[in-house]
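Residue numbers (the numbering used here): 127 to 226.
Even glycine gets a Cβ: it sits at the ideal position worked out from N, Cα and C.
Encoded as structure tokens, the structure appears first; notes follow it.
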């Protein structure tokens, strides 16, 4: 499994709402309501932690799911948000956007 790193885009609006996260893409105005699992991934998307570690440490540790299924679901979730410019994905750690 190749390492994937994810980071939150700065081109979004995001607000927590009752344990979940509401996110809107500035690129296409798509609105997403993230459930608790997706919110855990979103909050851990710091650009320096591999997605596999996020899945094990933040998803599998809190929710009853096996790592293989959780990782496959996380990849699909990340891919979907990346298509809307909400998450950035790289095979290398991602620098903070404030530093760019």
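In chain order, what residues of the same chain lie with their CB nearer than 7 Å to the CB of residue 171, ignoring the 5 residues before and after it?
Here residue 171 corresponds to residue number 45 of the chain shown, with the count starting at 1. Taken in chain order, the residues that qualify are 132, 133, 134 and 213.
Through-space distance from residue 219 to residue 175, alpha-carbon basis:
Along the chain shown, one-based indexing puts residue 175 at 49. Along the chain shown, one-based indexing puts residue 219 at 93. Approximately 8 Å between the Cα atoms of the pair.
Beta strand (DSSP E) containing residue 205: first to last residue?
What you label residue 205 is simply residue 79 of the chain shown in a count that begins at 1. From DSSP, residue 205 is part of no beta strand (DSSP E) but of the alpha helix (DSSP H) over 193 to 209.
Can you check whether the CB of residue 177 is closer than 8 Å to the CB of residue 204?
For this step, residue 204 is matched to residue 78 along the chain shown. For this step, residue 177 is matched to residue 51 along the chain shown. In contact: residue 204 and residue 177 (Cβ atoms closer than 8 Å).
In the DSSP output, what is residue 139 paired with across the bridge?
In the chain shown, counting from the first residue as 1, residue 139 sits at position 13. Bridge partners of residue 139 according to DSSP: 150.
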